[in-house]
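Participant:
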Amino acid sequence: MPKTIPENSIGLVTPKTCQFDHPLQLECGQTLSEYELIYETYGTLNADASNAILICHALSGDHHAAGYHSMQDRKPGWWETCIGPGKPIDSNQFFIVCPNNLGGCKGSTGPISINPQTGKYYGPDFPIVTVQDWVHAQERLAQQLGINKWLAVIGGSLGGMQALQWSISYPDKLEYAIIIASAPKLSAQNIAFNEVARQAIISDPNFHQGHYLENNTRPTHGLILARMLGHITYLSDDAMGAKFGRELRNDTLYYNYDVEFQVESYLRYQGRSFADHFDANTYLLMTKVLDYFDPAHAFNDDLALALKAVQAKFLVLSFTSDWRFSPKRSTEIVNALIANRKQVSYAEITAHQGHDAFLIPIPDYLSIFHAYMQNVGAHL
Amino acid sequence: MSKAYLRTDLALISTWIPENAHILDLGCGKGDLLKYLHTKANITGYGLEINIQNISKGIDSGVNIIHQNLNHGLQNFPDNSFDYVVMTQTLQAIKKPAYLLSEMLRVGKQSIITFPNFAHWSHRLYLSVIGKMPVSRSLPNPWYDTPNIHLCTIKDFELLCKEENIQILQRAIVNTEHRSTMGNQIFPNFFGEIALYRLQQKNT
Chain U
1 MPKTIPENSI GLVTPKTCQF DHPLQLECGQ TLSEYELIYE TYGTLNADAS
51 NAILICHALS GDHHAAGYHS MQDRKPGWWE TCIGPGKPID SNQFFIVCPN
101 NLGGCKGSTG PISINPQTGK YYGPDFPIVT VQDWVHAQER LAQQLGINKW
151 LAVIGGSLGG MQALQWSISY PDKLEYAIII ASAPKLSAQN IAFNEVARQA
201 IISDPNFHQG HYLENNTRPT HGLILARMLG HITYLSDDAM GAKFGRELRN
251 DTLYYNYDVE FQVESYLRYQ GRSFADHFDA NTYLLMTKVL DYFDPAHAFN
301 DDLALALKAV QAKFLVLSFT SDWRFSPKRS TEIVNALIAN RKQVSYAEIT
351 AHQGHDAFLI PIPDYLSIFH AYMQNVGAHL
Chain B
381 MSKAYLRTDL ALISTWIPEN AHILDLGCGK GDLLKYLHTK ANITGYGLEI
431 NIQNISKGID SGVNIIHQNL NHGLQNFPDN SFDYVVMTQT LQAIKKPAYL
481 LSEMLRVGKQ SIITFPNFAH WSHRLYLSVI GKMPVSRSLP NPWYDTPNIH
531 LCTIKDFELL CKEENIQILQ RAIVNTEHRS TMGNQIFPNF FGEIALYRLQ
581 QKNT
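These protein sequences, in sequence, are chains U and B.
Using this note's numbering, read the first sequence as starting at 1 and increasing by one per residue.
Using this note's numbering, read the second sequence as starting at 381 and increasing by one per residue.
#1: Return yes when the Cβ of N569 of chain B is within less than 8 angstroms of the Cβ of I534 of chain B, no when it is not.
#2: If we call anything under 8 angstroms between Cβ atoms a contact, is L303 of chain U one with E332 of chain U?
#3: Around the Cβ of L390 of chain B, are there at least 16 other Cβ atoms within 10 angstroms (buried) or fewer (exposed)?
#4: DSSP three-state label for Y577 of chain B, please.
#5: Can you name, in chain order, every residue of its own chain whose Cβ lies under 6 angstroms from the Cβ of K308 of chain U, other than the five neighbours on each side?
#6: Going along the region 424 to 435 of chain B in order, which residues come within less than 7 angstroms of chain U, judged by CB to CB distance?
#7: Thinking C-alpha only, which one of U:N375, U:H69 and U:L317 is nearest I446 of chain B?
#8: Quick one: what does DSSP say E80 of chain U is sitting in, helix, strand or coil?
#9: So within the region 171 to 195 of chain U, which uninterrupted beta strand (DSSP E) runs reach at least 3 residues, ignoring any that extend past its ends?
#10: Measuring straight from C-alpha to C-alpha, what distance separates Y176 of chain U and V554 of chain B?
#11: In or out: L253 of chain U buried (at least 16 other Cβ within 10 Å) or exposed?
#12: Verify the CB distance criterion: does D322 of chain U have a CB-CB separation below 8 angstroms to chain B?
#13: D440 of chain B versus chain U: which residues are under 7 angstroms apart at the beta carbon?
#14: Which value, in whole angstroms, describes the spacing of the CA atoms of L392 of chain B and T494 of chain B?
#15: Would DSSP call E348 of chain U helix, strand or coil?
#16: Would you say I445 of chain B lies against chain U (beta-carbon separation less than 8 angstroms)?
#17: Mind checking which residues open and close the beta strand (DSSP E) that includes E40 of chain U?
#18: Measure the alpha-carbon distance for H63 of chain U versus P15 of chain U and round it to whole angstroms.
#19: Compute the Euclidean distance between the alpha carbons of L454 of chain B and G155 of chain U, then round it to the nearest angstrom.
#20: Output needed for N528 of chain B: all residues of its chain with C-beta closer than 8 angstroms, excluding positions within five of it in sequence on either side, in chain order.
#21: Do you know how far the Cα of G354 of chain U is from the Cα of H221 of chain U?
#22: How would you label A226 of chain U, buried or exposed, when you count the other beta carbons within 10 angstroms and need 16 or more for buried?
#23: Report the three-state DSSP secondary structure of K582 of chain B (helix, strand or coil).
#24: Please work out which residues of its chain come closer than 6 angstroms, Cβ to Cβ, to L576 of chain B, disregarding the five sequence neighbours upstream and downstream, and give them in chain order.
#25: Are the CB atoms of F261 of chain U and R246 of chain U within a distance shorter than 8 angstroms?
#26: Kindly give me the distance between the Cβ atoms of S167 of chain U and L174 of chain U, rounded to whole angstroms, as I take these residues to be in contact under 8 angstroms.
#27: Note down the Cα distance separating I423 of chain B from G442 of chain B, rounded to an integer number of angstroms.
#28: What is the DSSP secondary structure of E429 of chain B, reduced to helix, strand or coil?
#29: Please look up how many angstroms separate the CB atoms of R324 of chain U and T233 of chain U, rounded, as I've assumed it's under 8 angstroms.
#30: Suppose the cutoff is 6 angstroms on Cβ atoms and the five residues either side in sequence are ignored; what does the same chain contact list for W150 of chain U look like?
#31: Which value, in whole angstroms, describes the spacing of the CA atoms of L531 of chain B and A401 of chain B?
#32: Measuring CB to CB, does G67 of chain U end up less than 8 angstroms from P76 of chain U?
#33: Check A384 of chain B in the structure and name its three-state DSSP category.
#34: Would you decide whether Q93 of chain U is buried or exposed? Buried here means 16 or more other CB atoms lie within 10 Å of its CB.
#35: For R387 of chain B, I'd like the list of residues in its chain whose CB is within less than 7 angstroms of its CB, leaving aside the five on either flank, ordered along the chain.
#36: Taking DSSP as the reference, what is the three-state secondary structure of M228 of chain U?
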């Protein structure tokens with residue numbers, strides 16, 4: 001709990017909800033007849049609505065990107081590092097919008113919502129959405145908010161994929177795209193990790209083919225395992241080594257299968273606290289969104305061709321120790337943009353924190369991000 | 381940025397590049413040349429740079445900078461994808477200069493390159509009289525702590541061009557103030573401190 005809110009924080013924020021009753025045609029062929037998106041905004045929209053920035057969240061993120069919901073909150077929003085007064089995404093200058101994506105479990109329509117057609121939880125019947133579907137839903141939210149064109153669309157990891165998709169789907173509706181610790185599509189290894197996570201959830205006896213809520217239960221054990229696995233891939237070997245090494249919880253070995261090493265204790269804790277506030281069907285869905293993302297596929301698997309019509313200016317950032325979405329994956333995006341003579345800058349930040357580095361205040365990262373955003377806001 | 385603030389070798393190079401050209405600047409530092417050329421002549425392109433502080437400053441000044449190690453070559457760039465590939469005062473710090481030169485000429489229709497001339501009289505005098513590795517205005521570092529691992533002379537460079545079938549389209553030999561003097565025109569390999577070249581690959 002913050003006794004006082006830090007000066008460079010947004011402060012207390014209240015989420016808002018936007019209802020949509022115009023059906024949304026999804027890539028999978030199904031239609032969502034009605035849905036709602038929960039979102040937060042920081043800063044003030046200027047008179048000509050030219051200072052709006054869309055923040056896209058990653059797999060386990062949500063609309064609460066910055067600030068605090070109450071003085072009882074233990075932690076601020078997930079990107080407090082980068083969003084706030086005087087921070088790279090400066091709330092004094094920009095109007096910042098962050099929605100929870102469709103299929104989420106934090107307030108936007110998703111598996112834990114009631115299906116208006118049946119009066120029951122959507123559960124596993126919530127249609128599988130894609131990055132493209134998300135982008136279309138976000139575009140409708142923009143219209144509702146009176147934003148015709150985003151000054152920038154920004155995201156890390158799966159959020160970066162949304163920024164990339166925005167530049168392809170709505171080339172004239174964003175000025176800048178900032179893609180951090182991301183990739184133009186998943187590798188076989190990435191998909192393999194997702195599949196293990198899914199199997200952990202699906203094989204939990206409490207999963208009930210996804211209808212666990214009707215059975216008044218939850219596949220908590222499976223979700224914990226999925227998160228533990230995910231967490232390993234978000235950290236680097238070095239970061240784990242530095243944090244835990246081979247440190248023991250109780251200075252002695254017991255020769256059994258209880259928690260002995262600190263890293264085991266940490267992973268179990270992370271898994272448990274995540275499973276307490278996240279929905280298993282949403283987790284399954286999010287991993288599929290990741291797996292399916294491949295904007296080049298419709299263009300003969302040629303990413304340069306897929307990016308031919310983009311108009312946005314790009315900043316692409318990666319982190320040296322990120323092995324989930326390695327710097328090499330970011331350079332695929334950069335090279336496809338260069339091949340089209342698009343405006344792009346790229347930096348590989350030296351960081352030992354792995355994929356999670358994009359959430360961490362690393363000086364070189366913040367300084368480059370800040371410098372770029374100064375230019376983004378230069379003409380406001 | 382006015383021309384007065386631009387490093388003088390960059391100012392000289394800028395007169396060699398026509399308007400609206402698409403350029404790649406290797407080891408672009410803080411992107412001064414790109415920034416100047418964009419403002420002055422609507423030139424587009426990218427700078428490649430390895431130093432993160434320079435990248436940050438370049439981004440701050442609004443140029444397109446790509447973080448890349450030149451020792452890894454330019455494989456991510458297709459043939460003839462730039463009008464000019466420029467590299468100033470960096471050739472001597474490259475692990476495989478001949479390879480990078482061939483990469484520059486593959487990626488660019490033409491290349492512009494500058495380097496310090498190791499055969500300048502002051503270096504010759506330093507080595508022959510003092511008997512130590514030369515330290516000078518154009519080469520300020522001691523031998524054990526220098527990025528300059530592949531120093532060459534004007535003669536050496538032109539010999540390499542001949543061997544590699546590289547055509548010299550234009551040459552300027554200047555001193556560290558980047559002025560052309562009578563001495564460095566008549567005896568360039570003796571009086572020239574900095575050599576500038578515009579090159580292209582001859583058809584084979």
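The beta carbon of each residue, even a glycine, is placed where N, CA and C say it ideally should be.
These numbers were taken from a predicted model, which means no experiment stands behind them.
Facilitator: Reading from the atomic positions:
#1: yes
#2: yes
#3: buried
#4: strand
#5: N340
#6: T424, Y426, I432 and I435
#7: U:L317
#8: coil
#9: 174 to 180
#10: 42 angstroms
#11: exposed
#12: no
#13: A371 and Q374
#14: 11 angstroms
#15: strand
#16: yes
#17: Y35 to Y42
#18: 8 angstroms
#19: 28 angstroms
#20: Q472, A473, P496, L519 and N521
#21: 26 angstroms
#22: buried
#23: coil
#24: T494 and A552
#25: yes
#26: 6 angstroms
#27: 13 angstroms
#28: strand
#29: 5 angstroms
#30: A52, L54 and L174
#31: 30 angstroms
#32: yes
#33: Confidence in A384 of chain B is poor, its pLDDT being 45 and thus under 50, which makes the residue's placement too unreliable to answer from.
#34: buried
#35: D412
#36: helix
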